[in-house]
Amino acid sequence: MNILDLKIINFFKKASRRLKLNLFLNDFVIGLIITLIVSSIPSIMSLIVPIYKIKIIYISVLLIGICISFIYSMVRLPNKEKQALIIDSKGLDERLSTALESIGKEKGVYSLQKEDTARFIESFNIKEKIPIIIEKKKVIMVISLVVISFLGMFIKTEAKTLAKEIETTKKFEKETLNKIEEQKKIIQKIDKLNEDEKKKIIEVLEKTEKEITTTKTEKDIEKALERLDKRLEKEAKDPNISKEKQDMLKSIQKDINPKGEEQRKDKANKDLNKLVDKFSENEFMEELSKQLAAKNKEGIDKALKDIENNVSSLEDLEKSQISRSLKEASLKIDNEDLKEALRDISKDVKEGNISDESKKKTSEALKSLVDETEGTASKIHNKGEKKEQSGEGKEKGQGKNSDEGQEEGKSNGEGQGSEKGKGEGVNKGSKNGINKTDISTPLNKEEVFIPNRSEGNDENLTGKENNNSSSQTLDLDKGIGKRGESINYDKVIGDYTKEAYDSVNNLTIPEALKDIIKSYFEGLQ
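In structure tokens, the structure reads:
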């Protein structure tokens, strides 16, 4: 290989590198434009449609597109023969491609041809003849698509907010389900629990798992965890289980929902503050408001006693004001037991006669709320627990009231206990007896059928089923049927009343008109 050969080869290498770089960049930009178009589609859609993990989708599409564009641009590069022809087209008139074929050949014709090529390449300006240029319109298109994509990524819209909530919910759901699965494995390994006890606890956990997998928001998951807390707490209250097992159930609660106790305290404090504010608006309720604010349990009982003693002597308007204050307070809080107690005593106040049962239930619910604010309460989940007795044999009792009635039942417990209601009497037995109630026993309230409730959202009805209400799910395999539940009328009306009160309070209308509207909804209950 002589000097001419080396000169031609070196020239070709320089020109070839520049040519390949130019071709590569132009092909890569085309691929990048296509990638940006594809990636900007979900980015723009995310402005109007909630898209889960949009940033991950965008970056994934972008990276995959860039990789494909790079590979495509490399594959598209021409071979040496085509590169030489392209360089020849810049003014060398096929001299370079011919000279490259003559490399290593020293005969006269080849030598003359290479000398001619060498003279031309000396005056050939590679930078000028083979410029590295990307079309201006391609550059503008790339910049525009990048701007559009980034705008789509960072502009905040309602859909973006919802997508963020979905992402947070999915993450929280995954963490919670992992904790529950971990607890199920731990329970299986505990030797101190028999198989029935293990099965019972695992069934409770699995029920919560199903509830969590059907949730749509983080709030729904928190509600499911609250229900789990109540179920486990109810299991822990079983007098037949040991202290060790009770501690184990509490440990499960803490491991699955470590923030549960703190959240309950926060909710209780919010409810307490709402009640204090609401009761302070009514002069007849001021004392109860003060005692609640001071968290004075004895003071709460005394304030309720004063209301009971004075309510019969009040004018109808004053009774209505107190009743409304209690009703509106029940609509503001989340504590279901207290909601029910306030609704019941509200009706008694309106009638001018507070029953011992209503007063007792309200007192216990308010004091339980005070305990919850300090993290010391065990909420009452079942009214039957307050009336639970233990005994053996038959239960007989006779009560004295305006309607004189008798009750008797059978029970399978052991020991004996007594209970005092509106009348007087002594009962032997347990709550499992079959009782014959007297004619003064209140009948079940009217129920309303809610179709397709099992397929809907819990937010449609904010209340929870009361202990004295009932619900049933209808699912017909044959014939024409609707799936739904029968819900207590008072609970349904309570939800609509709350919605009406909220709407009225936000309207700029005279107070007298607001009172008329509120009185109408009170009359429905």
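Just so we're aligned, residue 1 is where the sequence shown starts under our numbering, counting upward by one.
Ideal placement from N, C-alpha and C gives every residue a C-beta, glycine not left out.
In the DSSP annotation of this structure, the continuous segment of the alpha helix (DSSP H) that includes Pro42 starts and ends at Ile3 to Met45. Distance check between Glu218 and each of Ile252, Glu298, Thr98 and Thr176 places Thr176 closest, using alpha-carbon atoms only. Cα atoms of Glu315 and Ala163: separation of roughly 55 Å, rounded to the nearest angstrom. For Arg76, there is no enclosing alpha helix (DSSP H), as DSSP gives it neither H nor E.
For the set Leu249, Ile186, Leu232 and Lys170, the Cα lying nearest the Cα of Ile212 is the one of Lys170. For Val139, the uninterrupted alpha helix (DSSP H) run begins and ends at Lys136 to Phe154, by DSSP.
Around the C-beta of Val370, 16 or more other C-beta atoms lie within 10 Å, and the residue is accordingly described as buried. When secondary structure is reduced to three states using DSSP, Val204 falls in the helix class.
The DSSP-derived three-state label of Asp316 is helix. Closest in alpha carbon position to Ile140, among Ile86, Gln291 and Leu32, is Leu32. Each of Ile256, Glu364, Ile68 and Glu165 was checked against the Cα of Leu225, and the nearest Cα belongs to Ile256. Residue state for Val349 is assigned as helix, using DSSP reduced to three classes. Between the C-alpha atoms of Ser519 and Gln263 there is a straight-line separation of about 35 Å.
Pairing Ser39 with Ser149 gives a Cβ-Cβ distance under 8 Å.
Closest in C-alpha terms to Leu275, from the list Lys179, Glu106 and Ala293, comes Ala293. Assignment of Asn194 by DSSP, reduced to helix, strand and coil, places it in the coil class. Thr373 is classed as buried because its beta carbon has at least 16 other beta carbons within 10 Å across all chains shown. A residue is called buried once 16 or more other Cβ atoms fall within 10 Å of its Cβ, and Thr168, having fewer, is exposed. The beta carbons of Ala303 and Gln291 sit about 5 Å from each other, so the pair counts as a contact at 8 Å. Between Phe12 and Ala84 a beta carbon distance of about 7 Å is seen, short of the 8 Å cut, so the two are scored as contacting.
With a threshold of 16 other beta carbon atoms within 10 Å, Tyr501 meets it and is buried. Selection Ile51, Met248, Ser242 and Lys297 evaluated against Leu232 yields Met248 as nearest (Cα-Cα). Counting only unbroken stretches of 4 or more residues, the alpha helix (DSSP H) elements lying wholly within the stretch 230-300 are 243-256, 260-279 and 286-294, in sequence order.
The way I'd put it, the stretch 49-64 doesn't touch the stretch 89-98; fewer than three beta-carbon pairs between them come closer than 8 Å. Take Ile202, set aside five residues on each side of it, and the residues of its chain with a beta-carbon closer than 7 Å to its own are Lys184 and Ile187, in chain order. Following the DSSP letters along the chain, one finds Phe120 inside the alpha helix (DSSP H) bounded by residues Gly108 to Glu122. Within the same chain, Leu205, Thr208, Glu209 and Ile256 come within 7 Å of Ile180 by CB-CB distance, once the 5 residues on both sides are set aside. By alpha-carbon distance to Ile134, the top candidate from Val349, Glu308, Leu21 and Leu4 is Leu21. Under the three-state reduction of DSSP output, Asn178 falls in the helix class. Shown here, Gly65 sits in a helix according to DSSP, grouped into three states. In this structure, DSSP gives Ile57 a helical state, which the three-state scheme calls helix.
A check of alpha carbon separations from Ile30 across Ser111, Asn125, Lys138 and Ile48 identifies Lys138 as the nearest.
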